Amino acid sequence: VLVCQFQHRGAEGILYLIVDYQHITHPRSRTIKIKVEPPGKVIVVTPPRFSSSRVDEFIRKSEPWIKRQLEKIKQARPFGETLTTVMVFGKQYKKNAILQNDQKIGVVVSDGELNINPVQLTEASISNELKRFLKSTAEKYIVTRTRQLAEKMGATFGTITLRQQKTRWGSCSSQGNLNFNWRLVHCPPAVIDYVIIHELAHRTQMNHSQKFWQIVERFDPEYRIHTGWLKRHGMTLG
Ligand SMILES: [Zn+2]
Numbered sequence: 160v161l162v163c164q165f166q167h168r169g170a171e172g173i174l175y176l177i178v179d180y181q182h183i184t185h186p187r188s189r190t191i192k193i194k195v196e197p198p199g200k201v202i203v204v205t206p207p208r209f210s211s212s213r214v215d216e217f218i219r220k221s222e223p224w225i226k227r228q229l230e231k232i233k234q235a236r237p238f239g240e241t242l243t244t245v246m247v248f249g250k251q252y253k254k255n256a257i258l259q260n261d262q263k264i265g266v267v268v269s270d271g272e273l274n275i276n277p278v279q280l281t282e283a284s285i286s287n288e289l290k291r292f293l294k295s296t297a298e299k300y301i302v303t304r305t306r307q308l309a310e311k312m313g314a315t316f317g318t319i320t321l322r323q324q325k326t327r328w329g330s331c332s333s334q335g336n337l338n339f340n341w342r343l344v345h346c347p348p349a350v351i352d353y354v355i356i357h358e359l360a361h362r363t364q365m366n367h368s369q370k371f372w373q374i375v376e377r378f379d380p381e382y383r384i385h386t387g388w389l390k391r392h393g394m395t396l397g
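Numbering-wise, our numbering comes out as the position in the sequence shown, counting from 1, plus 159.
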């Protein structure tokens, strides 16, 4: 196993793409193969005694493809998370994963950092604990805040359900049951308020009429800024 690195002048002329790749030889391998794995590992498999200059040349030729694969992996990351950070209530936190056998499994927040104590030091176990923490934080906050805002608006509602929907932040059924995306936990509090106010306003107006927006504006005068924030993050509201 050989770890190599090369620098290559990109089409822009100024930017350099650095690809770290792992070269693995396989006795039964007949041709050169390249794969890109999360979180961004490039692996080259070749038959034995394959010269490193030929590998370099192959990587260079495959650069547009590698770039596309790396971009895909980056985009597959959920909203609000990067490889090293996670946004909670609009604030960026550094993610740390440390095995602490004498501590409770879960997440502890301190000094702008999220310390994750997973069951195992694997990507799956770490993301599992983080997800559990984000979900329960979202649930506590959104349920409390919905009750407070409903009282302020004089609105009633049925049940509150939190789930991860791919394209929606929230919705309100004709029975008055509310649905919220637990990924809202990444948004600034003012944006979360807007989503709750929006859904509660549907309790009197089951549409997006002028009357509906008047109710929204009464309880969130800056709702235009907040809809803009959500639009930039690519999801919609029901
Ligand atoms: Zn709506």
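By construction, the Cβ of each residue, glycine as well, lies at the ideal position given by its N, Cα and C atoms.
Keep in mind it's a predicted model, so treat the numbers as computed, not measured.
(request) For T243, count neighbouring Cβ atoms within 10 angstroms of its own Cβ and tell me buried if that reaches 16, exposed if not. (result) The residue labelled residue 243 in the question sits at position 84 within the sequence shown. Label assigned to T243: exposed.
(request) Quick one: grab the DSSP three-state call for E401. (result) Given that the chain is displayed from residue 160 to residue 397, the structure contains no residue 401 and the question cannot be resolved.
(request) For R168, count neighbouring Cβ atoms within 10 angstroms of its own Cβ and tell me buried if that reaches 16, exposed if not. (result) By one-based count along the sequence shown, residue 168 stands at place 9. Unreliable positioning characterises R168 in this predicted model, as indicated by a pLDDT of 32, which lies under 50. The coordinate reading is nonetheless provided below. Flag for R168 reads exposed.
(request) Using the DSSP secondary-structure output, state which residues sit across from A360 in a beta bridge. (result) Translated into the one-based positions of the sequence shown, residue 360 becomes position 201. Note: A360 sits in no beta bridge, so no partner.
(request) Helix, strand or coil for K390, going by three-state DSSP, please let me know. (result) Within the sequence shown, the letter at position 231 stands for residue 390. K390: helix per DSSP, three-state reduction.
(request) Would you mind stating whether W388 and V350 have Cβ atoms separated by less than 7 Å? (result) Taking the sequence shown and counting its residues from 1, the one referred to as residue 388 is at position 229. Taking the sequence shown and counting its residues from 1, the one referred to as residue 350 is at position 191. Yes, Cβ-Cβ distance for W388 and V350 is below 7 Å.
(request) Quick one: grab the DSSP three-state call for A314. (result) On the sequence shown, position 155 is the one that residue 314 refers to. Coil, per DSSP.
(message) Suppose the cutoff is 7 Å on Cβ atoms and the five residues either side in sequence are ignored; what does the same chain contact list for Y382 look like?
(response) Translated into the one-based positions of the sequence shown, residue 382 becomes position 223. Hits under 7 Å: Y353, V375, E376.
(request) Tell me whether H345 sits in a helix, a strand or coil according to DSSP, three-state version. (result) Sequence index remark: in the sequence shown, residue 345 carries index 186 (1-based). For H345, the three-state secondary structure derived from DSSP is helix.
(request) State the beta-bridge partners of T244 as determined by DSSP. (result) Within the sequence shown, numbered from 1, the residue matching residue 244 stands at position 85. According to DSSP, T244 bridges with K253.
(request) Taking V278 as the reference, give the member of N260, D270, K294, K290 with the closest Cα. (result) For the purposes of this step, residue 278 is taken as residue 119 along the sequence shown, with counting starting at 1. The shortest C-alpha separation from V278 is found at N260.
(message) Less than 7 Å between the beta carbons of V214 and H185, yes or no?
(response) Translated into the one-based positions of the sequence shown, residue 214 becomes position 55. Translated into the one-based positions of the sequence shown, residue 185 becomes position 26. Taking 7 Å as the Cβ cut-off, V214 and H185 do not qualify as a contacting pair.
(request) Select from Q251, F339, N274, V268 the residue whose C-alpha is nearest the C-alpha of I257. (result) Sequence index remark: in the sequence shown, residue 257 carries index 98 (1-based). Taking each of Q251, F339, N274, V268 in turn and checking the Cα distance to I257, the smallest one comes out for N274.
(message) Between H385 and V247, how many whole angstroms is the CB-CB distance? I'm expecting something under 8 Å.
(response) Locating residue 385 in the sequence shown gives position 226, counting from the first residue. Locating residue 247 in the sequence shown gives position 88, counting from the first residue. In this structure H385 does not touch V247 by the C-beta definition: roughly 18 Å separates them, more than the 8 Å allowed.
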